[in-house]
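Engineer:
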Amino acid sequence: MTFDIQVIIDHLPEIASGFGLTILCTVVAALIAMVLGLFVALGLMSKAAVFRYPVRLYVEIIRGTPFLIQLFLLYYGGPSFGLYLEPIEAGIIGLAIYCSAYFAELFRSGFNSISLGQLEAAQIMGFSKISVLWRIQIPQMMVLITPGLVNICIILGKETTILSIVTVPELAFVLTGIGSETYAYAETLTVLAISYLILSELTARFGSWTEKRLSKYMERSI
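Using full-length UniProt numbering, the letters of the sequence shown correspond one by one to residues 1 to 222.
1. Mapping DSSP to helix, strand and coil, what is A104?
2. For L31, does the count of other Cβ atoms within 10 angstroms reach 16, so buried, or fall short, so exposed?
3. Are the Cβ atoms of I93 and L21 separated by less than 9 Å?
4. What does the alpha-carbon distance come out to for the pair G82 and I69?
5. Report the rounded CA-to-CA distance for Q123 versus W134, giving the unit in angstroms.
6. Keeping to the same chain, check which residues put their C-beta closer than 8 Å to that of I178; ignore five residues upstream and five downstream.
7. Please report how far the alpha carbon of V166 lies from the alpha carbon of G37, in whole angstroms.
8. Is it true that the CB of G207 sits closer than 9 Å to the CB of C149?
9. For L24, which of A193, E170, N112 and Y84 has the nearest alpha-carbon?
10. On the premise that I62 lies in contact with Y98, defined as a C-beta separation below 8 Å, what is that separation, rounded to the nearest angstrom?
11. Specify the secondary structure class of Y183 as computed by DSSP and reduced to three states.
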């Protein structure tokens, strides 16, 4: 048995393109999921049942069903409801919806960890609810949940492999295609595994850097 590295070298442009698309899908989906997750978290904490119960149902459905099924419904089932999406659009939207439920629960736990005394003091000082949210709650919450945030982002990055099912030409799609053409499965799958290890490590390091920056920001704000 030999490991033919030449197969990888010959297809480097395709592999680089697939890796770039994987990073793009991960970053864009994560940003959308965080914004959506923040609004979902606020809905979960709402005192109004008309907001809280539908949002809770959304979270339970998304967390309780496999991402693969959700992606199939979005891409293949969407046309039945007049929703026609390109593979990349469906992939990014699907990832964002899927991870938004997990971000929402993480944000909610972060908000609940903040001392009520701080919020009461801010209200006494005349801060509006929006000011309290953006200037006190969100910065502190982000510091508290950064490790969990990084973990979800790493999971999101690995879930991009499922996008190959709907023909998104990301890294897994490209490398499995090369493997099918050349029968060099050991080489292509090894590169695929190493690539996701690199992506996960980069995400973790970026998370550590972000956590330090947020901590310094909070120290200056006190």
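Even glycine gets a Cβ: it sits at the ideal position worked out from N, Cα and C.
Just so we're clear, the structure is a prediction, and the values are computed from it rather than from any experiment.
Structural biologist: Let's see:
1. helix
2. exposed
3. no
4. 19 Å
5. 13 Å
6. V7, H11, E14, I15, A184 and T188
7. 25 Å
8. Reading off the sequence, residue 149 comes out as Leu, not Cys. Contact: yes.
9. E170
10. 6 Å
11. coil
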